[in-house]
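Worksheet: the structure to be examined is printed underneath.
Residue numbers (my numbering): 12 to 322.
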């Protein structure tokens with residue numbers, strides 16, 4: 012059986028390591044530390060942990076102030092609140108002066124599940140990538156999430172990292188090397204390219220295997236950094252495969268699909284289909300059932316690849 016692990020769990024593990032190896036790291040939470048897994052940091056380093064209460068705007072403001080003293084603050088809440096409620100503070104207090112604040116947002120996307128539409132952040136990538144100076148990262152699995160957390164602690168500047176609630180299959184080995192802004196070609200192929208992010212990377216790999224059994228060889232690319240996006244790997248895929256399908260657990264407006272469309276339309280226009288939530292809110296339900304209802308499965312990717320090849 013494939014190992015499954017939530018990216019938020021990997022976040023907690025990475026914070027425990029950072030507590031020991033980097034004395035400048037401080038962690039802030041908006042009264043959700045057990046859910047966001049920042050409680051892991053608190054368990055080993057309570058003196059550098061701050062619970063600001065249910066006050067997400069203040070969470071970001073305090074983090075900004077700490078960064079000005081030389082600290083490396085990780086500010087955590089659910090993605091809906093971190094990106095939505097605190098947007099203006101992030102824009103003006105963190106990104107505008109380019110402060111060294113890391114916003115680790117958990118419980119993103121449809122797979123929040125039963126919490127429903129009010130808590131299912133499907134717009135956060137769009138919001139964060141529209142802000143100048145902001146780096147936006149969406150890990151595919153727990154291994155990549157942990158590697159990314161450790162890497163962004165070394166990066167000087169604002170970062171938004173998107174993490175999930177549900178356990179998802181682990182696709183990377185522990186020797187995987189994460190690089191900010193560098194996409195990863197996981198499988199070769201010249202019939203079409205599947206460019207995926209977050210939990211949809213594993214589904215893209217499944218789709219690729221099923222397509223190969225039908226005589227279609229699809230390239231699979233993991234774009235873990237939405238901003239700055241790896242234009243080189245996308246343009247190369249457009250030139251060599253002539254068709255692209257994007258896949259994301261996010262609104263198709265403003266997310267990965269939009270970012271890829273921007274790159275290819277200006278550099279190498281090719282047919283494009285976007286798999287994602289079609290400009291609607293989610294609803295309460297079990298994560299796997301929601302992914303089926305909102306057409307975020309390997310079968311949806313397969314159908315999109317076949318449709319685009321017929322053009």
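For glycine and all other residues, C-beta sits at the position ideal for the given N, C-alpha and C. Note that this is a predicted model, so its numbers are computed, not measured.
Check	Outcome
For residue 149 and residue 13, the rounded distance between their alpha carbons	21 Å
Where the alpha helix (DSSP H) through residue 259 begins and ends	Run containing residue 259: none in the alpha helix (DSSP H); it sits in the beta strand (DSSP E), 255-262.
Buried or exposed by the 16-neighbour rule on C-beta atoms within 10 Å, applied to residue 302	buried
Under the three-state DSSP convention, the category residue 189 falls into	coil
Coarse secondary structure for residue 12, derived from DSSP in three states	Because the pLDDT at residue 12 is just 43, under 50, the model does not fix this residue reliably, and the value given afterwards should be weighed accordingly. Three-state result, residue 12: coil.
CB of residue 174 within 8 Å of CB of residue 115, strictly	yes
Identity of the residues DSSP links to residue 233 by a beta bridge	195, 207
Between the CA atoms of residue 304 and residue 6 - distance to the nearest angstrom	Any question about residue 6 goes unanswered here, given that the chain covers just 12 to 322.
Chain-order list of residues whose beta-carbon lies under 6 Å from that of residue 242 (same chain, five-residue window excluded)	274
Rounded C-alpha distance that separates residue 52 from residue 122	25 Å
Simplified DSSP assignment, three categories, for residue 85	strand
Option in 250, 253, 277, 234 with minimal Cα separation from residue 266	234
Those residues which DSSP pairs with residue 62 across a bridge	40
Three-state secondary structure assigned by DSSP to residue 27	helix
Chain-order list of residues whose beta-carbon lies under 6 Å from that of residue 30 (same chain, five-residue window excluded)	52, 55, 56
Meets three-Cβ-pair contact criterion under 8 Å: the region 96-116 and the region 187-207	no
Under the three-state DSSP convention, the category residue 22 falls into	helix
Buried/exposed call for residue 89, threshold 16 Cβ in 10 Å	buried
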